[in-house]
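Trainee: The listed protein sequences correspond, in order, to chains A and B. Quick note on numbering: the first sequence equals residues 0 to 350 in numbering that gives the first Met the number 0. Quick note on numbering: the second sequence equals residues 0 to 350 in numbering that gives the first Met the number 0. Note that beta-carbon positions come from the ideal geometry of N, C-alpha and C, so glycine has one too.
Number of protein chains: 2
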Amino acid sequence: MSALSALETPFPTVDLDTVERNIAAMQRYCDAHGLALRAHFKAHKLPEIARMQLAAGAVGVCCQKLGEAEVLVGAGVVTDLLIAYPLIGGRKAARLTELATQGAVAVGADSEAVARELSAALAARGATAGFLVDCDTGFGRTGVQAPEDAVRLAALVTELPGLRFRGLMTHPTPPGGAAWLRAARDLLEARGLAVECVSGGGTPGATRAHESGVLTELRVGNYVFGDRRGIAAGHVHLDDCALRVRTTVVSTPTRSRAIVDAGSKTLAGDGAADGNYGLIVEHPDAVIYELSEEHGHIDVSQCNPPPALGEVVTIVPNHACATVNLHDAVALHRGADDVRFARVAARGAVR
Amino acid sequence: MSALSALETPFPTVDLDTVERNIAAMQRYCDAHGLALRAHFKAHKLPEIARMQLAAGAVGVCCQKLGEAEVLVGAGVVTDLLIAYPLIGGRKAARLTELATQGAVAVGADSEAVARELSAALAARGATAGFLVDCDTGFGRTGVQAPEDAVRLAALVTELPGLRFRGLMTHPTPPGGAAWLRAARDLLEARGLAVECVSGGGTPGATRAHESGVLTELRVGNYVFGDRRGIAAGHVHLDDCALRVRTTVVSTPTRSRAIVDAGSKTLAGDGAADGNYGLIVEHPDAVIYELSEEHGHIDVSQCNPPPALGEVVTIVPNHACATVNLHDAVALHRGADDVRFARVAARGAVR
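1) Tell me the rounded alpha-carbon separation between A/Ala272 and B/Thr253.
2) State buried or exposed for B/Phe340, treating a residue as buried only when at least 16 other CB atoms are found within 10 Å of its CB.
3) Exposed or buried, A/Arg27, counting other C-beta atoms within 10 Å across all chains shown (16 or more means buried)?
4) Rounding to the nearest angstrom, what Cα-Cα distance links A/Glu66 and B/Thr251 in this structure?
5) Can you grab the Cα-Cα spacing for the pair A/Gly191 / A/Ala99, in whole Å?
6) Can you confirm whether A/Cys134, when its beta carbon is compared against all beta carbons of chain B, has any partner nearer than 8 Å?
7) Let me make sure I understand the geometry here. Which of B/Arg342, B/Val338, B/Arg163, B/Val343 has the alpha-carbon closest to that of B/Ser4?
8) Using a Cβ-Cβ cut-off of 7 Å (strictly less than) and excluding sequence neighbours within five positions of B/Asp14, which residues of its own chain qualify?
9) Beta carbon of A/Val113, beta carbon of A/Leu86: below 8 Å?
10) Going by Cα to Cα distance, which pick from A/Arg181, A/Asp135, A/Thr96, A/Ala335 is closest to A/Ala119?
11) Jot down the residue ranges of each uninterrupted alpha helix (DSSP H) in the region 82-123 of chain A, minimum 4 residues, whole runs only, in chain order.
12) Does B/Leu290 get closer than 8 Å to chain A when you measure Cβ to Cβ?
13) From B/Ala261 to B/Thr322, what distance separates their C-alpha atoms?
14) Quick one: Cα of B/Ala425 to Cα of B/Asp336, how far?
15) Using the three-state DSSP reduction, which class does A/Phe10 fall into: helix, strand or coil?
16) Identify which residue in B/Arg218, B/Gly161, B/Ala23, B/His43 has its Cα closest to the Cα of B/Pro11.
17) Just mark B/Gly142 as buried or exposed, buried being the case when its beta carbon has 16 or more other beta carbons within 10 Å.
18) In chain order, what residues of the region 133-166 of chain B put their CB closer than 9 Å to some CB of chain A?
19) Can you pull the chain A residues whose beta carbon is under 7 Å from the beta carbon of B/Ile245, in chain order?
20) For B/Ala232, which residues from the same chain have a beta carbon less than 8 Å from its beta carbon, with the 5 sequence-adjacent residues on both sides left out?
21) Residues in the region 245-259 of chain B with C-beta within 9 Å of chain C's C-beta atoms, listed in sequence order?
22) Rounded to whole angstroms, what's the CA-CA distance from A/Asp135 to B/Lys41? Just pull it up for me.
23) Whole angstroms is fine: what's the gap from B/Ala182's alpha carbon to B/Ala57's?
24) List, in chain order, every chain A residue whose beta-carbon is nearer than 7 Å to that of B/Arg90.
25) For B/Leu217 versus B/Leu53, is the C-beta spacing smaller than 8 Å?
26) Under a CB-based cut-off of 8 Å, is A/Lys41 close to chain B?
27) Using the three-state DSSP reduction, which class does A/Ala55 fall into: helix, strand or coil?
28) Helix or strand or just coil, what does DSSP make of B/Tyr28?
29) Let me know if A/Arg243 comes out buried or exposed under the rule of 16 or more other beta-carbons within 10 Å of its beta-carbon.
30) Using a Cβ-Cβ distance under 8 Å, would B/Leu269 count as near chain A?
31) Which partner residues does B/Phe164 have in the DSSP bridge list?
32) Put A/Arg245 into one of helix, strand or coil per three-state DSSP.
33) Along the chain, which unbroken stretches of the alpha helix (DSSP H) at least 4 residues long are found entirely within the region 230-289 of chain A?
34) Going by the DSSP bridge assignment, what does A/Arg346 pair with across the sheet?
35) Under 9 Å between beta-carbons, which chain A residues line up against B/His296? List them in chain order, please.
36) Can you look up A/Ser198 in the DSSP assignment and give me helix, strand or coil?
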């Protein structure tokens, strides 16, 4: 019995050889096109993998919440952190300031109120943080709504102590997004405001980022693991899926149904267009058609033979980022016998 | 500023006065109808609340995984634990045996293989666990498929050392389930096998459990918190929703859209038929129409006035059990100023 097969189930495993290959491939793409790669920490929340990404050439790390940045700084990763999220409230401003005294940090935000509050907190301690104007280039989430709004906010930021305007960010980069960003950049430069960075994001479509002609940086995270959604979208191969969940068939009540000990508290409830909650590697014709909290409900009618009671099977989840977030630890491995555990440091309510 | 309003966001809060009221109401229902109440731990994963349920009259606690039972025993709750889940594999059998040496424990399962494996492990250490035959009375998850199958498994269990046949369990109890269970019970009694317990489960429909005429026990958990699904189903009032998530409006990019710092990693991605991911108490006309991992996307077009940038709002999530599971801690409170933190002990990959 290998160390991997001795793991209790359900348990998430991460193949470090595959992770390294994925990191190298995305870095090669960015290098070939003169794009800076910023590693998105939210995808794995493991400082060890962030260090691998930095060693391979990433310019820095992107965080989606302050708690992630605090975990990274606590783990000694203090170089060029971007918190790509609007930080509001006095306590968050104080926490950002604390981080800014320990290393280079920047924020992305879309409002004057956030800029003024952060500026006041940073300036009071003589600290400085970079500032990227968050632009809504079509996704419809956060972000200023027009290039002129981006210029207005950037001009304010250049006047505020404690903040340094660095450029623009968006997520993802939809088809019309490049024109939006070019217009904003040109307006800014016409005003004499230097745009060091135009940052786009998202693993789907990542390898077309160079076509925009305007992005200087790519924020990506999911690519280190890959997942079933990536396979469905055509940009991930099964062999590149580094994150898998080992699970046991705990019940085979009928010929067509099997139940595994991986439900929505193990795989996350992220669905897919085809109604399948995960790819069972050993039984690719199986369909995980429903998740209870601790049960995966599987249609095995197309499997010959079907999974046996007690069999351990391996699931590639639909959404790797959401899956990792559910677990206290993952099993990092190289091959089947070199296995060790890593705490998913930044998960849970890191406040 | 109250202690509650001083909490960082996003953060889940639990109103203990409301929890007590919910516990008392469900206990009154069970007492009135001669049903034993078994508190389902998966809903809250907080030993403190399990103790409140036991003090109010619950006969024991139900767990959905071994790790939950281990946390309870570690916290000193050792009375009458039921692990309502098929435990397969040598390590799980050993862990169950360890629990059985520390307190009264029972399992629910649906296969001869599980019964034999657990029996061997328990008997080898002179330990005993109760055994409930898990019955599929129409839900289509785990469980034996026919009353005759229940009798066959029960008869085997009575022959196996280390196990003591206690009765039947099902989840939930669909309309045809009562007839199924009565048939199984009658067959068992005709064989001379005593059926101490017929256990049904699920908060939706809980207060109709007595109509079955066959259930002796009700396994319920969600009722301590309530949630937006319960409101939609008509069995929960907003005032009874003890679990809420405090979240901040971090962006108001357009008049019709607001973004809060509670996404699928905070609220869980459990949807609802009306496409709304949660009820915003202060703005009941708002619709959380989409969740990114750290963003809640809100349509505020029907709100007059809309939520303001920086405003802290309170969300009743769709699914309380899934929400608690995402957080390392909750803030237990009575009123707005008596606030303390409790670790969600059994969440994450408790193996």
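Mentor: Looking at the atomic coordinates:
1) Cα to Cα, the separation comes out at about 30 Å.
2) The residue in question, B/Phe340, is exposed, as its Cβ has fewer than 16 Cβ neighbours within 10 Å.
3) Burial call: exposed.
4) This sequence places Gly at residue 66 of chain A; Glu is not what is there. If you take the alpha carbons of A/Gly66 and B/Thr251, they lie about 23 Å apart.
5) A/Gly191 and A/Ala99 have their C-alpha atoms roughly 26 Å apart.
6) Residue contact check for A/Cys134 against chain B: no CB pair falls below 8 Å.
7) Relative to B/Ser4, the option among B/Arg342, B/Val338, B/Arg163, B/Val343 whose CA is nearest is B/Val338.
8) Spatial neighbours of B/Asp14 in its own chain (CB-CB distance under 7 Å, excluding positions within 5 residues in sequence) are listed in chain order as Ala241, His332.
9) With contacts defined by Cβ atoms closer than 8 Å, A/Val113 and A/Leu86 form a contacting pair.
10) Selected option, being the one with the closest Cα: A/Thr96.
11) If we require 4 residues or more, the alpha helix (DSSP H) runs fully inside the region 82-123 of chain A come out as 89-99, 111-123.
12) Interface with chain A (8 Å Cβ-Cβ cutoff): B/Leu290 is excluded.
13) The alpha-carbon atoms of B/Ala261 and B/Thr322 are separated by roughly 11 Å.
14) Past the edges of chain B, shown from 0 to 350, lies residue 425 of chain B, and the structure says nothing about it.
15) Looking at A/Phe10 - three-state DSSP - the assignment turns out to be strand.
16) A check of alpha carbon separations from B/Pro11 across B/Arg218, B/Gly161, B/Ala23, B/His43 identifies B/His43 as the nearest.
17) Looking at its Cβ environment, which holds 16 or more other Cβ atoms inside 10 Å, B/Gly142 is buried.
18) Answer in chain order: Asp133, Asp135, Gly139, Arg140, Thr141, Gly142, Val143, Gln144.
19) Ile is not the amino acid found at residue 245 of chain B; the sequence shown has Arg there. Per Cβ cutoff of 7 Å: no residues; B/Arg245 is ~11 Å from chain A at best.
20) Pro203, listed in sequence order.
21) This model lacks chain C altogether; the protein chains it does include are A and B.
22) Their backbone Cα atoms lie some 40 Å apart in a straight line.
23) Taking the straight line joining both Cα atoms gives about 27 Å.
24) The contacting residues are Glu7.
25) Not in contact: B/Leu217 and B/Leu53 (Cβ atoms no closer than 8 Å).
26) It does; some Cβ of chain B falls within 8 Å.
27) In the displayed model, A/Ala55 falls within a helix according to three-state DSSP.
28) Collapsing the DSSP output to three states places B/Tyr28 in a helix.
29) Result: buried.
30) At residue 269 of chain B the sequence reads Asp, which differs from the Leu that was named. Interface residue (Cβ-Cβ distance to chain A less than 8 Å): B/Asp269 is classified as such.
31) Answer is B/Phe130, bridged to B/Phe164.
32) DSSP places A/Arg245 in strand when its eight states are reduced to three.
33) 263-266, all fully within the region 230-289 of chain A.
34) Its beta-bridge partners do not exist; DSSP assigns none.
35) Among the residues of chain A, those whose CB is under 9 Å from the CB of B/His296 are Gly139, Arg140, following chain order.
36) A/Ser198: strand per DSSP, three-state reduction.
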